[in-house]
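Novice: The following block contains the structure, expressed as structure tokens.
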Amino acid sequence: MRKKIVAGNWKMNNGIEETEKLIHAVTNSIASLNLENVRVIVAPSFVSLTTAIESVKNSHVEVAAQNMHQAKNGAFTGEISAEMLVSIGVKTVILGHSERRQYFGENDELIARKIDAALANNLEVIFCFGELLEERKLDNHLLEVGSQLKNTLFHLKPEDFKNIILAYEPVWAIGTGETATPEQAQEMHAFVRNVIAKKFGKEIADSVSILYGGSVKPSNAEEIFSKEDVDGGLIGGASLVAVDFVAIIEAI
Ligand code: PEP
Numbered sequence: 000m001r002k003k004i005v006a007g008n009w010k011m012n013n014g015i016e017e018t019e020k021l022i023h024a025v026t027n028s029i030a031s032l033n034l035e036n037v038r039v040i041v042a043p044s045f046v047s048l049t050t051a052i053e054s055v056k057n058s059h060v061e062v063a064a065q066n067m068h069q070a071k072n073g074a075f076t077g078e079i080s081a082e083m084l085v086s087i088g089v090k091t092v093i094l095g096h097s098e099r100r101q102y103f104g105e106n107d108e109l110i111a112r113k114i115d116a117a118l119a120n121n122l123e124v125i126f127c128f129g130e131l132l133e134e135r136k137l138d139n140h141l142l143e144v145g146s147q148l149k150n151t152l153f154h155l156k157p158e159d160f161k162n163i164i165l166a167y168e169p170v171w172a173i174g175t176g177e178t179a180t181p182e183q184a185q186e187m188h189a190f191v192r193n194v195i196a197k198k199f200g201k202e203i204a205d206s207v208s209i210l211y212g213g214s215v216k217p218s219n220a221e222e223i224f225s226k227e228d229v230d231g232g233l234i235g236g237a238s239l240v241a242v243d244f245v246a247i248i249e250a251i
């Protein structure tokens with residue numbers, strides 16, 4: 000059975016103190032919930048990772064990094080390698096987020112190299128992809144997402160998928176308050192699962208979790224999560240507010 004996952008991407012928010020506070024608020028609130036088949040992940044900034052890892056001990060919450068460099072080490076000022084993440088106890092990393100693509104020039108080729116480096120270090124990857132508003136308006140969203148999946152994942156081995164979580168994030172819905180309708184999300188998630196099935200087989204496609212991300216909030220989470228191929232959410236803004244993030248976890 001596919002795992003349900005609610006992951007919070009904190010982006011460039013929260014120093015060490017706020018990290019501790021937010022994590023404790025979340026862990027205390029979810030302690031009494033039955034989350035047997037549900038994973039809860041938070042992705043703080045690099046400087047707060049160690050504090051976060053300490054704060055989630057003995058709780059149901061896991062910690063992910065938001066990015067990493069593709070090289071093993073070397074003259075890459077300001078960057079962090081997979082090995083460094085592993086050395087502090089990180090097990091999961093978000094790669095390919097649209098803000099990395101938009102503001103830091105990351106493209107499919109680079110993201111594929113990052114995925115390889117993460118997997119080579121036994122890191123689990125939350126791989127983000129999604130179309131721009133123009134692409135959706137032109138009805139090219141399936142084509143675009145299909146191409147992103149091909150460029151970044153098709154060189155992998157089927158067994159790599161045990162360490163891959165997919166996150167469909169239509170760029171027009173991220174941080175905009177505009178959410179894909181549950182039907183739009185379901186259409187894309189079913190398409191993605193079909194692309195993976197054709198390339199890697201039905202068993203892999205049926206076992207990979209596909210998250211939806213883009214302005215998920217307590218008021219729309221349940222409806223989106225109720226769709227057959229939506230296995231959870233990658234949450235930005237609402238994951239910074241403990242009661243909202245907990246309400247989204249409850250919705251799943
Ligand atoms: C995100 O950044 O991954 C995201 C989905 O953001 P938001 O929920 O704020 O749209």
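Be aware that the sequence shown starts at 0, since it is given in numbering that gives the first Met the number 0, and climbs by one per residue. C-beta: ideal position from N, C-alpha, C; glycine also. Note that the structure is predicted; figures quoted are calculated from it, not measured.
(1) Please say whether Glu168 and Ser218 have beta carbons closer to each other than 8 Å?
(2) Note down the Cα distance separating Leu210 from Cys127, rounded to an integer number of angstroms.
(3) Do Pro43 and Ala30 have their beta-carbon atoms positioned less than 8 Å apart in this structure?
(4) When we look at the beta-carbon of His253 and count the other beta-carbons within 10 Å, is it buried (16 or more) or exposed?
(5) DSSP on Lys226, reduced to helix/strand/coil?
(6) Identify every run of the alpha helix (DSSP H) within the region 97-153, keeping only runs that are complete inside it and at least 4 residues long; order them along the chain.
(7) Whose C-beta lies closer than 8 Å to the C-beta of Ile87 among residues of the same chain, with five residues either side of it excluded?
(8) From the DSSP output, in three-state form, read off Leu34 for me.
(9) If you measure from the CB of Ala172, is any heavy atom of ligand 1 nearer than 7 Å?
(10) In the region 163-242, which residue ranges form an unbroken beta strand (DSSP E) of at least 3 residues, counting only runs that do not cross its ends?
(11) Could you say which of Met0, Lys2, Gly7 lies nearest to Asp243 if we only look at CA atoms?
(12) I'd like to confirm something about Glu130: is its beta-carbon nearer than 7 Å to some heavy atom of ligand 1, or not?
(13) Along the chain, where does the beta strand (DSSP E) that runs through Leu155 open and close?
(14) Which of the three DSSP states, helix, strand or coil, is assigned to Ala246?
(15) Mind checking which residues open and close the beta strand (DSSP E) that includes Glu78?
(16) How long is the line joining the alpha carbons of Ser146 and Asn120, rounded to whole angstroms?
(17) Shortest alpha-carbon distance to Gly236 belongs to which of Met0, Lys10, Ile223?
(18) Under 8 Å by Cβ, that's how I've got Asn66 and Ile110 pegged, so tell me the actual separation to the nearest angstrom.
Specialist: Well, looking at it:
(1) No, they are not a contact pair.
(2) 9 Å
(3) Taking 8 Å as the cut-off, the beta carbon of Ala30 is found no closer than this to the beta carbon of Pro43.
(4) Outside the displayed range of the chain (0 to 251) lies residue 253, so it cannot be described from this structure.
(5) Correct three-state label for Lys226: coil.
(6) Counting only runs of 4+ residues, the alpha helix (DSSP H) found wholly inside the region 97-153 occupies 97-103, 107-119, 132-136, 140-152, in chain order.
(7) Excluding sequence neighbours, Ile87 sits near Leu48, Thr49, Ile52.
(8) coil
(9) yes
(10) 163-167, 209-212, 231-234
(11) Of the listed residues, the one whose Cα sits closest to Asp243 is Gly7.
(12) no
(13) No beta strand (DSSP E) holds Leu155; DSSP gives it neither H nor E.
(14) helix
(15) From DSSP, Glu78 is part of no beta strand (DSSP E); its letter is neither H nor E.
(16) 26 Å
(17) Lys10
(18) So it is not a contact: roughly 10 Å between Cβ atoms.
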